[in-house]
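Have a look at the structure below, then the notes.
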Ligand code: FES
Ligand code: FES
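Residue numbers (the working numbering), protein chains in the order written: chain A, 21 to 174; chain B, 224 to 1004.
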């Protein structure tokens, strides 16, 4: 199995890694870097639990080969906490009760952060579209959507 | 009553911030030093005799530390039906049967080993439906049984046979309900490790840690006292974790034989075929009413395909019959359910536990009867609704009951008066302002709108389906005023631990975040039967309340001495023990210290045990008061149906539920909304397609759960009836939200296009076919 030497920045830290050709970005984040906030729900791009920002774009990290992430900048849910302060999206989803089991939450937080970068004041429909690739089995989405719309109104 | 400081407040879950920032540790995040990967080989033939298993090549793969088959797992039977073994030795009864398992140093070695295992089968004729399994001369799924009928439930009150002769209106139909599955976002997980004294610790996504301890003891043949179950943060469960699964004892066996910790994390595909889906049902049912609008009789016969092994899912007819016999006042009722072994995948319990199924057929017929009587469906329901402080013929003692309030609330909020009656040419006018943000096409004449309603009854005060429905709790306070609740109950994401913390905080006059909840380790926490039947807030809440009250009394006694006033003049609030109306007081933690720092000091702790005053139902009549309280609800939905594609779109859900009292309204709403989401999936898109015992759509792409775009806005309405037995008046809410949704949607679809679909899910294809059928028969007429 060929191996590749890659360097990538994760949450601001530069990592030099030696990865297997089949290894996904998700596996590198979870196993090599022990960033467990990026969750695996399917491993096939269908659930969005593993969503991270790659060069500022939300991507399902289970579909990205680690080798293809060479030289990219990754932000995971852990990286949104700055100087001990959670991101506004993280605070809002907590305050609105948008979290039950929380397994979908990191992916939804990342998708929402990406949305707000593009569109700082999304309406309900825009939020629903932005998180349509993130399955949540617990909440019915209502409180998640309320939380993200509220961030846009802050 | 609104004088509470924490009860009724929208407090975020204790673990919400950890979950939002990626700090929560789920099972999948766990590892111990030297942990091996465990994987399972499934039979993939539906019914066969195992002639030979050759593992010799698998054992030689580098990095493989154990290869196990039925001969390692022994003959210890386990499971609700006592009919399963971890690895199968002689016979295969379904495709998902676990034949062999390996533990290896990495995924590649484990995969390679699985591929090298050779199994020789002699195939037997398979049974792929309950009907086929009951046919005379059908082959036996389990050789030690006389036939494939596991159990027949037979319930009756009144005289249903005669009652139908006396009725004025009768409706009789057949219903077909599909396999659906929990599909929690985190897949199932186990991590097993033995110590050198041969004691097992198992980390698991279970909902029943103490029953799992017992089940594992049976499956492994080791004493329960040598088994410790730990639950990491659980990424959803919805009933999945109500049974022991073969992979759990298999994980333990791999750990035992390899001498290393072993983890098994299901792939999404395994999650679809190797957990226990809600069983499919074929139901024949009739209902009858008197001309004056009295619901008169009901009779149903359900055929349930349990699959190859019996789980707690076999008990769901007990819940189905509650809805049949007790959701409304009905003088005559009969319910028969046959639970049948087949060579399909084993089924199990899922949120609602039979209730979404029975609510669908009961509430469909309520609508039809109303129409036949020329009555408004809301009025017909109100007329026959249960009332507080009554006992149903089934023996359910209904105390608090807000069913009528729920019906009235949802009818008003959905705008029921806009609903066109039956046979009306002008069905629901497209003039209502649609949810602006959803940009709904309203001017297209091919799009029809409709409104529907359905109600639910659900146990809300525990459910005695096991000898104990109890839960224990301990509360202790430390020198600094930190309160610790050790509860037997299990958090599966629903938020119960936060509700319990609120109950304790209210009782002791402290803040919610002063309370730590410990609830995840059988070696620490007291007994609890598990998270099921919407029971945790009620049962574990009562236990926590009793324990907190013991602490409260001790503290008040001591503070009374310190302040030199009688204890009954004191209150506990804002981390203070104060003289009521006076303001003189002493800090909560100071009292605790004073109780510790003295010669006759005491532990500032209390214990609570709560087991509700209920009974197991009678073995023959199935009557008895199974729960100490009952929850009620009604949901009204508005849909539109595209008559060109058959697509049904839910535009709005209004859900009103009587929860006694909302300890935390935010998560009560969360339960309702999450339940309704499962109901939307059940109604419209979700079906685990099982053909010849094989799951055809084991991916999240093909098993279609509602996304944020599929879900309409949900308006949750909390109806509070302050139940006399509930902690601060609370009743359970975990399951109710999903019970009436599919029925309400089906009734709305009928209101929109005049078609009854008795086959879930109502996919675009099915709706379109029904529309074409209707057109054809109209053309012929
Ligand atoms: S794990 Fe990547 S999309 Fe599901
Ligand atoms: S909160 Fe459980 S999957 Fe979203």
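Glycine residues also receive a C-beta, built at the ideal position from the N, C-alpha and C atoms.
Nearest-angstrom beta carbon gap, residue j and residue i [assumed within contact, 8 Å]
i: residue 570 of chain B; j: residue 536 of chain B; result: 5 Å
i: residue 669 of chain B; j: residue 867 of chain B; result: 5 Å
i: residue 439 of chain B; j: residue 66 of chain A; result: The pair is not a contact, with the Cβ atoms about 33 Å apart (cut-off 8 Å).
i: residue 910 of chain B; j: residue 939 of chain B; result: With 8 Å as the limit, residue 910 of chain B and residue 939 of chain B do not qualify as a contact, their Cβ atoms being about 27 Å apart.
i: residue 916 of chain B; j: residue 351 of chain B; result: 6 Å
i: residue 774 of chain B; j: residue 828 of chain B; result: 6 Å
i: residue 696 of chain B; j: residue 756 of chain B; result: Actually they are not in contact, since the Cβ atoms of residue 696 of chain B and residue 756 of chain B sit about 18 Å apart, beyond 8 Å.
i: residue 486 of chain B; j: residue 374 of chain B; result: With 8 Å as the limit, residue 486 of chain B and residue 374 of chain B do not qualify as a contact, their Cβ atoms being about 36 Å apart.
i: residue 509 of chain B; j: residue 630 of chain B; result: 24 Å between Cβ atoms; not a contact.
Beta carbon of residue i nearer than 8 Å to that of residue j
i: residue 693 of chain B; j: residue 811 of chain B; result: no
i: residue 123 of chain A; j: residue 806 of chain B; result: no
i: residue 519 of chain B; j: residue 634 of chain B; result: no
i: residue 913 of chain B; j: residue 568 of chain B; result: yes
i: residue 330 of chain B; j: residue 265 of chain B; result: no
i: residue 782 of chain B; j: residue 809 of chain B; result: yes
i: residue 845 of chain B; j: residue 544 of chain B; result: yes
i: residue 36 of chain A; j: residue 46 of chain A; result: no
i: residue 464 of chain B; j: residue 431 of chain B; result: yes
i: residue 717 of chain B; j: residue 904 of chain B; result: no
i: residue 564 of chain B; j: residue 295 of chain B; result: no
i: residue 799 of chain B; j: residue 847 of chain B; result: no
i: residue 318 of chain B; j: residue 377 of chain B; result: no
i: residue 359 of chain B; j: residue 347 of chain B; result: no
i: residue 184 of chain B; j: residue 711 of chain B; result: This structure cannot settle anything about residue 184 of chain B, because the visible part of chain B is limited to 224 through 1004.
i: residue 30 of chain A; j: residue 94 of chain A; result: yes
i: residue 604 of chain B; j: residue 961 of chain B; result: no
i: residue 600 of chain B; j: residue 709 of chain B; result: no
i: residue 771 of chain B; j: residue 698 of chain B; result: yes
Member of the options whose CA lies at the smallest distance from the CA of residue i
i: residue 354 of chain B; options: B:630, B:560, B:628 and B:842; result: B:560
i: residue 483 of chain B; options: B:380, B:328 and B:572; result: B:328
i: residue 470 of chain B; options: B:435, B:612, B:446 and B:462; result: B:435
i: residue 314 of chain B; options: B:302, B:275, B:287 and B:304; result: B:275
i: residue 533 of chain B; options: B:522, B:516, B:553 and B:502; result: B:502
i: residue 335 of chain B; options: B:468, B:676, B:636 and B:282; result: B:282
i: residue 98 of chain A; options: A:58, A:142, A:24 and A:48; result: A:58
i: residue 765 of chain B; options: B:840, B:886 and B:785; result: B:886
i: residue 870 of chain B; options: B:514, B:987, B:415 and B:609; result: B:987
i: residue 398 of chain B; options: B:990, B:621 and B:585; result: B:585
i: residue 271 of chain B; options: B:762, B:514 and B:531; result: B:531
i: residue 174 of chain A; options: A:162, A:107, A:131 and A:121; result: A:107
i: residue 111 of chain A; options: B:500, B:371 and B:236; result: B:236
i: residue 74 of chain A; options: A:159, A:120 and A:32; result: A:32
i: residue 85 of chain A; options: A:95, A:169, A:63 and A:34; result: A:63
i: residue 137 of chain A; options: A:87, A:76, A:167 and A:121; result: A:76
i: residue 127 of chain A; options: A:72, A:42 and A:171; result: A:72
i: residue 763 of chain B; options: B:751, B:756, B:690 and B:852; result: B:751
i: residue 849 of chain B; options: B:258, B:372, B:689 and B:385; result: B:689
i: residue 745 of chain B; options: B:449, B:985 and B:602; result: B:449
i: residue 993 of chain B; options: B:1004, B:608 and B:981; result: B:981
i: residue 749 of chain B; options: B:777, B:682, B:785 and B:834; result: B:834
i: residue 839 of chain B; options: B:402, B:473, B:541 and B:370; result: B:541
Residue list, Cβ distance to ligand 1 heavy atoms smaller than 6 Å | A:60, A:61, A:62, A:63, A:65, A:66, A:67, A:68, A:69, A:70, A:80 and A:82
Counting pairs of beta carbons, one from the stretch 421–434 of chain B and one from the stretch 450–460 of chain B, are three or more of them closer than 8 Å?
-> yes
Could you tell me whether the stretch 241–255 of chain B touches the stretch 52–59 of chain A, where touching means 3 or more Cβ pairs closer than 8 Å?
-> yes
Using 8 Å as the threshold, is the stretch 918–934 of chain B in touch with the stretch 144–153 of chain A, meaning 3 or more CB pairs across them?
-> yes
Decide if the stretch 293–309 of chain B is in contact with the stretch 893–910 of chain B; the criterion is three or more beta carbon pairs, one per stretch, under 8 Å apart.
-> no
Does the stretch 151–159 of chain A touch the stretch 226–242 of chain B, meaning 3 or more C-beta pairs lie closer than 8 Å?
-> no
If you pair each beta-carbon of the stretch 594–605 of chain B with each one of the stretch 836–845 of chain B, do three or more pairs fall below 8 Å?
-> no
Segment contact flag, the stretch 731–749 of chain B with the stretch 848–858 of chain B, C-beta cutoff 8 Å, min 3 pairs | no
Give a yes or no on contact between the stretch 358–366 of chain B and the stretch 287–294 of chain B, applying the rule of three or more CB pairs nearer than 8 Å.
-> no
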